[in-house]
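Undergrad: In our numbering, the protein residues as written are 14 to 715.
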């Protein structure tokens, strides 16, 4: 009996000890949510695919969307427009700027399992160089000036005829599989069945395509981080109104683009999260500088001072624009942040015209000089939104005694029948930039004034030697600091000369259901750039035990992916299979505390600083949030906002790239009710340590 009692006592002590351990673990360990693999994201797009091929997709936004998911280029552009390696690991440039040598990745497989190699690069470039190429003529003409050579399986060399700094931007084009297409004549490639069931090297591969939708599966062989989404579907609709209707019927979870006219509907959809980003290009009014009245700089300046561009953005565009001050867009390395912005100042406009001799002597409401009225035609595309904008501009000019008669022409005829032959006085136009490089040579160099053959895109007819010299020198040097200095000079001259009236940079608005997480939108070159970080989007989540003592998640099994080994060839030495670190899903920081921290000198001495908007300022429309994120060993930073009474923050943007006194994100305040809000910037280093957040209080008053 005594022996049994001792056994019972030992058992009770053991149970008590185990209970204490479990209680401690319960108190010291919490479950945190992490992204998991799987799930299907469905997006509605306006239009249908035609030719899903990266060398032809420039003509169709849906083709471009799919190509961005299926194909990869030698390089890719990040959110700041800087070029990064993609299918290439690195490149070198010869001292004379004529030879570019690219080293390719050795671990890339096409969707069908074949190895990517230099042969694919040569095939792609040769297809563009072929006289039978049916893609953009300018693209074909450029590549015909470049010689491409295969050095070995993983090395290619490009030889230029003259130094051309924007060349690297052309290497972002998606590569094509030579092993599938090499026997197809170039003249037949545009109509080949490959373009309906393409094979690429991108993060997603085509599983099925019908007249109604395309289904893409995550690429199991993808050489970069494995996408969290298991499947992505694009459903095709005739227009954006149909996409809205599809979202309300729960047919789709994303709306590819929300135009300003549809924003009120979008804001009324509770589950729809709106994302905003500046998209490359700018809206402007071309002035025909061959007309005597526009040869007077005072007239050009007065016309710009007379425009209330902020009201145009707020009222006509529903906040979807940023006032433009330069043909080079903000946020890029070449942008001159010190550029003066012509404010709305009708009195100054009147004074400039008075001093230049333009006066309304007969009181008929229109100024005149030397018996000539200050009156002209303002040509615009016949799109209703553009006509409304043109009428608003004409109304502003009428207020300072300038008469502009609005003339609408079919959009399809504006370039060929109006701009190229320069058959206009003033013309409203939206210029779409299709390059990450800031080169402005074709738009404003004096040799690019359209002539008898209709060549060139300098539609205003700017014939300025100082501007031309800055542009021609900038495109010949590969030294980015020297190029930036030349472009700063160009922008200063442009602001002084005012050869055209810059209106605004357009803003792209993207709508996605709230259950799709970690979506980020940075400045876009084309709408398809919304998929730039699609590999980090997720729908499914899992819970992982997180130790409060160590601040680390408890160990868990991780997924490893062995790199494929390229088979030996006559020109390549067999490569051993390298060891690969485990692929671990990116860590999401625990939710930020909503407790306000009183900012001191706009968060001075913090690694993350919001410089604008200022503390307790009033904001409206699209706000350009600017600041710096300069923490050593930066892992990422995130910018969030919340209403003053809310308990959680909503993420505006997250990036792993440092920012030094630049743009952090755009915030469209028209997507939230008026009131007091907090902006919060947090910087996290590579050890997982988060900085004290910079928090700035603002009042939204739309």
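Backbone N, C-alpha and C fix where the C-beta goes; we use that ideal spot for every residue, glycine too.
Could you have a look at residue 363 and say whether DSSP puts it in helix, strand or coil?
TA: DSSP places residue 363 in helix when its eight states are reduced to three.
Undergrad: Do residue 428 and residue 437 have their CB atoms nearer than 7 Å?
TA: Contact flag unset, no.
Undergrad: Between the alpha carbons of residue 421 and residue 324, how many angstroms are there, rounded?
TA: C-alpha separation (whole angstroms): 22 Å.
Undergrad: Kindly list the residues whose CB is nearer than 7 Å to the CB of residue 484, restricted to its own chain and excluding five residues on each side of it in sequence; keep chain order.
TA: Excluding sequence neighbours, residue 484 sits near 453, 454, 457, 458, 503.
Undergrad: Leaving aside the five residues before and after residue 108 along the sequence, list all residues of the same chain whose C-beta is less than 7 Å from its C-beta, in chain order.
TA: Result list for residue 108: empty, nothing under 7 Å.
Undergrad: Tell me residue 641's beta-bridge partners as DSSP assigns them.
TA: Residue 641 is bridged to 622.
Undergrad: Nearest CA to the CA of residue 260: which residue from 243, 237, 286, 235?
TA: When each option's Cα is compared against that of residue 260, the closest is 286.
Undergrad: Based on the DSSP output, what are the partners of residue 691 in its beta bridges?
TA: Paired residues: 655, 710.
Undergrad: Which word fits residue 210, buried or exposed, when buried means at least 16 other C-beta atoms lie within 10 angstroms of its C-beta?
TA: Label assigned to residue 210: exposed.
Undergrad: Buried or exposed: where does residue 56 fall if 16 or more other Cβ atoms within 10 Å of its Cβ makes it buried?
TA: It counts as buried.
Undergrad: Start and end of the beta strand (DSSP E) containing residue 150?
TA: Unbroken run through residue 150 is the alpha helix (DSSP H), 150-156; no beta strand (DSSP E).
Undergrad: Looking at the strands, I want to know which residues DSSP matches up with residue 630.
TA: Residue 630 is bridged to 711.
Undergrad: Compute the distance between the beta-carbons of residue 354 and residue 441, then report whether it is under 7 Å.
TA: Their beta carbons are not under 7 Å apart, which means residue 354 does not touch residue 441 by this criterion.
Undergrad: Hey, quick one: how far does the beta strand (DSSP E) through residue 541 stretch, first residue to last?
TA: No beta strand (DSSP E) contains residue 541, which DSSP labels as neither H nor E.
Undergrad: Mind listing, in chain order, the continuous alpha helix (DSSP H) runs of no fewer than 4 residues lying wholly within the region 300-385?
TA: List check, alpha helix (DSSP H) in window: 310-318, 359-368.
Undergrad: Quick one: what's got a C-beta closer than 6 Å to residue 347's C-beta in the same chain, skipping five residues either side?
TA: Here the set comprises 341, 451, 497, 500.
Undergrad: Taking just the CA atoms, how far does residue 557 sit from residue 238?
TA: Taking the straight line joining both Cα atoms gives about 20 Å.
Undergrad: With the cut-off set at 7 Å, would you say residue 156 and residue 295 are in Cβ contact?
TA: For residue 156 and residue 295, no; Cβs fall outside 7 Å.
Undergrad: Would you mind stating whether residue 318 and residue 362 have Cβ atoms separated by less than 7 Å?
TA: Contact flag set, yes.
Undergrad: My output table needs one value for residue 92: the three-state DSSP class, helix, strand or coil.
TA: Note: residue 92 maps to coil in three-state DSSP.
Undergrad: Smallest Cα separation from residue 180: which of 146, 106, 116?
TA: Minimum Cα distance to residue 180 is reached at 106.
Undergrad: Just curious, the beta strand (DSSP E) that residue 248 is in, first and last residue?
TA: Unbroken beta strand (DSSP E) run through residue 248: 244-250.
Undergrad: Please classify residue 464 as buried or exposed, where buried requires at least 16 other C-beta atoms within 10 Å of its C-beta.
TA: Classification for residue 464: exposed.
Undergrad: Roughly how many angstroms lie between the CA atoms of residue 240 and residue 349, to the nearest whole one?
TA: One C-alpha to the other measures close to 37 Å.
Undergrad: Rounded to whole angstroms, what's the CA-CA distance from residue 626 to residue 639? Just pull it up for me.
TA: Their backbone Cα atoms lie some 7 Å apart in a straight line.
Undergrad: For residue 473, is the classification buried or exposed, using 16 other Cβ atoms within 10 angstroms of its Cβ as the cut-off for buried?
TA: The residue is buried, with at least 16 neighbouring Cβ atoms inside 10 Å.
Undergrad: Please report the distance separating the alpha-carbon of residue 274 from that of residue 336.
TA: If I take the Cα positions, the gap works out to 19 Å.
Undergrad: For residue 303, count the other beta carbons within 10 Å of its own beta carbon; 16 or more makes it buried, fewer makes it exposed. Which is it?
TA: Result: exposed.
Undergrad: Scan the region 423-510 and note each continuous alpha helix (DSSP H) run of 4 residues or more that stays entirely inside, going in chain order.
TA: Runs of the alpha helix (DSSP H) inside the region 423-510: 454-457, 478-487, 493-510.
Undergrad: Here's the rule: buried if 16 or more other CB atoms are within 10 angstroms of the residue's CB, otherwise exposed. What is residue 522?
TA: That one is buried.
Undergrad: Check whether the region 511-518 and the region 114-128 are in contact - that is, three or more C-beta pairs closer than 8 Å.
TA: No, the region 511-518 does not touch the region 114-128.
Undergrad: So, is residue 4 buried or exposed, given that buried needs 16 or more other C-beta atoms within 10 angstroms?
TA: The chain is shown only over 14 to 715; residue 4 falls outside these bounds and no answer can be derived.
Undergrad: Using the Cβ count rule (16 or more neighbours within 10 Å means buried), how would you classify residue 134?
TA: So residue 134 ends up on the buried side.
Undergrad: Please state whether DSSP places residue 397 in a helix, a strand or coil.
TA: Note: residue 397 maps to helix in three-state DSSP.
Undergrad: Quick check: the region 77-87 against the region 52-69, are at least 3 beta-carbon pairs closer than 8 Å?
TA: Yes, since at least three Cβ pairs between the region 52-69 and the region 77-87 fall closer than 8 Å, the two stretches touch.
Undergrad: With 16 as the cutoff for other CB atoms within 10 Å, does residue 196 come out buried or exposed?
TA: Residue 196 should be labelled exposed.
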